[in-house]
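**Q**
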Amino acid sequence: MRSALDFGNFRRSSVGFDRLFEMLENSNFGGENYPPFDLIKVDDNRYRIEVAVAGFGKDDIELTSQQNQLLVRGQKPDDDGSNYVHRGIANRSFERRFALADHIQVRGADLKDGMLAIELVREIPEAMKPRKIEIGGSSPKHDQIEAKANKQAEDA
Numbered sequence: 001m002r003s004a005l006d007f008g009n010f011r012r013s014s015v016g017f018d019r020l021f022e023m024l025e026n027s028n029f030g031g032e033n034y035p036p037f038d039l040i041k042v043d044d045n046r047y048r049i050e051v052a053v054a055g056f057g058k059d060d061i062e063l064t065s066q067q068n069q070l071l072v073r074g075q076k077p078d079d080d081g082s083n084y085v086h087r088g089i090a091n092r093s094f095e096r097r098f099a100l101a102d103h104i105q106v107r108g109a110d111l112k113d114g115m116l117a118i119e120l121v122r123e124i125p126e127a128m129k130p131r132k133i134e135i136g137g138s139s140p141k142h143d144q145i146e147a148k149a150n151k152q153a154e155d156a
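In structure tokens, the structure reads:
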């Protein structure tokens with residue numbers, strides 16, 4: 001499905017954002033709104049998704065986290081043996097997908113009072129965290145670096 005948004009001009013003048021543009025182009029902006037959810041930023045590295053799943057129990061809901069995507073799926077048995085005169089509470093199955101940014105991990109989930117709370121944490125690996133690079137003093141360090149490299153090459 002192709003969206004009405006065209007990111008062609010932005011693609012040509014950017015580097016490394018291909019995945020972002022693909023996600024925007026493939027998003028279903030006018031799609032399914034069931035079940036409703038809230039996205040809460042707890043702090044800089046913690047988030048919580050709250051999904052309204054009234055009528056669903058723990059055994060009726062399945063959570064799957066795989067490769068930058070969280071899938072929340074709910075399915076209830078069709079017939080519970082009750083003789084309804086009117087059925088106004090939604091009992092339909094659902095599937096809700098959430099795209100997760102890099103390094104976002106699902107820590108756990110809890111179901112209470114018809115609200116499914118999913119805890120998310122951003123864990124950036126140490127190698128990916130910003131680090132400060134010290135700049136040397138007045139003596140030219142690049143000459144010392146080259147000398148070390150040459151000495152190592154001679155020793156090998």
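The UniProt record's numbering puts the first residue of the sequence shown at 1, with every later residue one more than the last.
Built from N, CA and C at the ideal position, the CB exists for glycine as well.
Since the model is a prediction, treat every value here as computed from it, not as a measurement.
Quick check: does the Cβ of I135 come within less than 7 Å of any heavy atom belonging to the ligand MG?
**A** Questions concerning the ligand MG fall outside what the structure shown contains, since it holds no ligand whatsoever.
**Q** Express the C-alpha separation of I135 and K148 in angstroms, rounding to a whole number.
**A** Each residue's alpha carbon lies about 18 Å from the other.
**Q** Of all the beta strand (DSSP E) runs that stay within the bounds of the UniProt domain "SHSP" (28-138), which reach a length of 3 or more residues?
**A** Within the UniProt domain "SHSP" (28-138), the complete beta strand (DSSP E) runs of at least 3 residues are 37-43, 46-52, 61-65, 69-74, 94-99, 104-112, 115-122.
**Q** Roughly how far, in whole angstroms, is the beta-carbon of L120 from the beta-carbon of R107, given that I think they are within contact range, below 8 Å?
**A** L120 to R107, Cβ: 7 Å. Contact.
**Q** Please state whether the Cβ-Cβ distance between G57 and I89 is less than 8 Å.
**A** No, Cβ-Cβ distance for G57 and I89 is not below 8 Å.
**Q** Exposed or buried, which one is L39 when buried takes at least 16 other CB atoms within 10 Å?
**A** It counts as exposed.
**Q** Alpha carbon to alpha carbon, what distance is there between P125 and D155?
**A** Going by the C-alpha atoms only, they are around 35 Å apart.
**Q** Keeping to the same chain, check which residues put their C-beta closer than 6 Å to that of I118; ignore five residues upstream and five downstream.
**A** Taken in chain order, the residues that qualify are I49, A109.
**Q** Rounding to the nearest angstrom, what Cα-Cα distance links E123 and N150 in this structure?
**A** Going from the Cα of E123 to the Cα of N150 covers about 40 Å.
**Q** Looking only at its chain, what residues have a beta carbon closer than 8 Å to the beta carbon of R92, apart from the 5 residues adjacent to it on each side?
**A** So the list reads Y34, once near-sequence residues are dropped.
**Q** For Y84, count neighbouring C-beta atoms within 10 Å of its own C-beta (all shown protein chains included) and say buried if the count is 16 or more, exposed if not.
**A** Counting Cβ neighbours within 10 Å, Y84 comes out exposed, since fewer than 16 surround it.
**Q** Measuring CB to CB, does G114 end up less than 8 Å from F94?
**A** Result no, Cβ atoms of G114 and F94 do not sit closer than 8 Å.
**Q** Rounded to whole angstroms, what is the Cα-Cα separation between L105 and K76?
**A** A small correction: the amino acid at residue 105 is Gln; Leu does not occupy that position in the sequence shown. Looking at the two C-alpha atoms, the distance is approximately 27 Å.
**Q** Hey, V51 and L116 are a contact pair by Cβ (cut 8 Å); roughly how many whole angstroms apart?
**A** About 4 Å; that satisfies the 8 Å criterion.
**Q** Rounding to the nearest angstrom, what Cα-Cα distance links T64 and R87 in this structure?
**A** Near 30 Å, if we compare the C-alpha coordinates of R87 and T64.
**Q** Could you tell me whether the Cβ atoms of F37 and R96 are closer together than 8 Å?
**A** It is a contact, given that the beta carbons lie within the stated cut-off.
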